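Engineer: Residue numbers (my numbering): 22 to 408.
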Amino acid sequence: MKKSIRPFVIGAIVGSLLTASSAVFADDGIQAIKALLNKNTKITLNGKSVVLANPTIDYEGKTYVYLKDIGKLVGASVNWNAKLKTIEVKTGTTSAAAAPAEDKVIATYTGGQVTNKEFEKFSLFFGMVNPQTSAYMTDPEMKEQFLREYIAYKLLYAPSAGTALSTAEQAELNQFMQQYTAFVTQNPQVKTSNEKAGLADSDVKQFYTMITFALRNMENKVTEAQLKARFEQTKNDYNVVSVRHILVATADNQTGETVRTDAEALERAKKVKGLLDNGGDWAALAKEYSEDPGSSGNGGLYENQQTGVWVEGFKNAANSQPVGTIGAPVQTEFGYHIIKVEKRDTKTFAGLSADDKLTIKKTIASELMDAFMANELPAKITKIALN
Numbered sequence: 022m023k024k025s026i027r028p029f030v031i032g033a034i035v036g037s038l039l040t041a042s043s044a045v046f047a048d049d050g051i052q053a054i055k056a057l058l059n060k061n062t063k064i065t066l067n068g069k070s071v072v073l074a075n076p077t078i079d080y081e082g083k084t085y086v087y088l089k090d091i092g093k094l095v096g097a098s099v100n101w102n103a104k105l106k107t108i109e110v111k112t113g114t115t116s117a118a119a120a121p122a123e124d125k126v127i128a129t130y131t132g133g134q135v136t137n138k139e140f141e142k143f144s145l146f147f148g149m150v151n152p153q154t155s156a157y158m159t160d161p162e163m164k165e166q167f168l169r170e171y172i173a174y175k176l177l178y179a180p181s182a183g184t185a186l187s188t189a190e191q192a193e194l195n196q197f198m199q200q201y202t203a204f205v206t207q208n209p210q211v212k213t214s215n216e217k218a219g220l221a222d223s224d225v226k227q228f229y230t231m232i233t234f235a236l237r238n239m240e241n242k243v244t245e246a247q248l249k250a251r252f253e254q255t256k257n258d259y260n261v262v263s264v265r266h267i268l269v270a271t272a273d274n275q276t277g278e279t280v281r282t283d284a285e286a287l288e289r290a291k292k293v294k295g296l297l298d299n300g301g302d303w304a305a306l307a308k309e310y311s312e313d314p315g316s317s318g319n320g321g322l323y324e325n326q327q328t329g330v331w332v333e334g335f336k337n338a339a340n341s342q343p344v345g346t347i348g349a350p351v352q353t354e355f356g357y358h359i360i361k362v363e364k365r366d367t368k369t370f371a372g373l374s375a376d377d378k379l380t381i382k383k384t385i386a387s388e389l390m391d392a393f394m395a396n397e398l399p400a401k402i403t404k405i406a407l408n
């Protein structure tokens, strides 16, 4: 199955950058999203200040730069050879983006077509809101997948073409355009690339509006019965719990290097539990023993949190341990946790907040989108000709 770019695309447009501040908040891969985009990194070439097309990424004390951006600066082309699984760098070349491309139809589908210039604009748009897109576009298979997903958005948007955004959606668009304008202003190289491709503010607004309506139309297909059924499947994720915990880690939180074996961590965790069972002070012991940066300075306390944001083992303990009892060490990918549930409020569907219901609706809508792309979209696309 081809990897989909859509989750990154959607997240970049309608969501905010997720960060993990502790070793507990890590379910569904969130523990991996600690990388922060940095648009302020200073770059010089032969002593002269230059601007990269994409932000750098700061992660665990290191700064990462897109190789393709460096290639552009030094006159080298950088491409991904999917067949050979090789990054191919050729020096003494100029960026292909510098040469104006002839506008031609690269895809046809039921009710419309896509030209290469239109797709270039869309790709530039997403290259700004989500730099990962630029990397994917060097892989022919991923580029085709991205094109197919663009066609899907166009098809799903078509029934709503000409419909006005809601007040809330318009406010979000206005905010996005302010951020977009500021980003382009701060990055002259991006502005130049946009001008060469003919990407105007009106195009940016259109792409944003298209995706907004495509998502809304999918969300509108989600029924109340589907919401209730999904809640019943995942209702423990919505329990609101206050816990204290002490983490004995097996790896360094910053470097990822092993600091102790599982056996050593378990032995240390049992020691901590013994101290707590004998009346030890949570605040003092958390400060001394806990290696969770999100709670060690707060007596190990996470207060009034929905358990769905936690990793599986921790979540299960928070949902099942008797209130007021210090449980046996619980193992997760971070090490061993000593947990005490101080309070737990269970949720019913009727008691869900509007935000919680919207989260469930978006999850189901995303699955409907996957189903559309897998089952309906192929029959609607009549031609793909990227080469």
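By construction, the Cβ of each residue, glycine as well, lies at the ideal position given by its N, Cα and C atoms.
Fair warning: this is a prediction, and the values are worked out from it, not measured in the lab.
(1) Apart from the five residues on each side of it in sequence, which residues of its chain come closer than 8 Å, Cβ to Cβ, to Phe143?
(2) Is there contact here, the stretch 300-313 with the stretch 264-282, by at least three beta-carbon pairs under 8 Å?
(3) Evaluate Ala53 with the Cβ neighbour count: other Cβ atoms within 10 Å of its Cβ, from every protein chain shown; 16 or more gives buried, anything less gives exposed.
(4) Mind listing, in chain order, the continuous alpha helix (DSSP H) runs of no fewer than 4 residues lying wholly within the stretch 331-387?
(5) Exposed or buried, what is Asn208 when buried is set at 16 or more other beta-carbons lying within 10 Å of its beta-carbon?
(6) Helix or strand or just coil, what does DSSP make of Val110?
(7) Measure the C-alpha to C-alpha separation of Pro343 and Leu287 and round it to an integer number of angstroms.
(8) Can you tell me whether Gln275 is helix, strand or coil according to DSSP?
(9) Starting from the Cα of Gln275, find the closest Cα among Asp313, Lys164, Thr369 and Val126 and give me that residue.
(10) Could you check where the alpha helix (DSSP H) with Gly133 kicks off and where it finishes?
(11) Is the distance from the Cβ of Tyr178 to the Cβ of Ala235 below 8 Å?
(12) Where does Glu123 fall in DSSP's three states?
(13) If I follow the unbroken beta strand (DSSP E) through Val262, where does it start and stop?
(14) Are the beta-carbon atoms of Gly334 and Val351 separated by less than 8 Å?
(15) How many angstroms separate the CA atom of Val280 from the CA atom of Ser311?
(16) Using the DSSP secondary-structure output, state which residues sit across from Leu322 in a beta bridge.
(17) For Asn137, I'd like the list of residues in its chain whose CB is within less than 7 Å of its CB, leaving aside the five on either flank, ordered along the chain.
(18) Looking at Glu363: is its Cβ nearer than 8 Å to the Cβ of Val332?
Structural biologist: Let me spell this out:
(1) Tyr171 and Phe228
(2) yes
(3) Bear in mind that the predicted position of Ala53 carries a pLDDT of just 40, short of 50, making it unreliable; the figure below should be weighed with that in mind. Counting Cβ neighbours within 10 Å, Ala53 comes out exposed, since fewer than 16 surround it.
(4) 333-341
(5) buried
(6) strand
(7) 21 Å
(8) coil
(9) Asp313
(10) Note, Gly133: premise wrong, no alpha helix (DSSP H); beta strand (DSSP E) at Gly133 to Thr136.
(11) yes
(12) coil
(13) Val261 to Ala270
(14) yes
(15) 14 Å
(16) Arg265
(17) Ala122, Asp124, Lys125 and Ile127
(18) no
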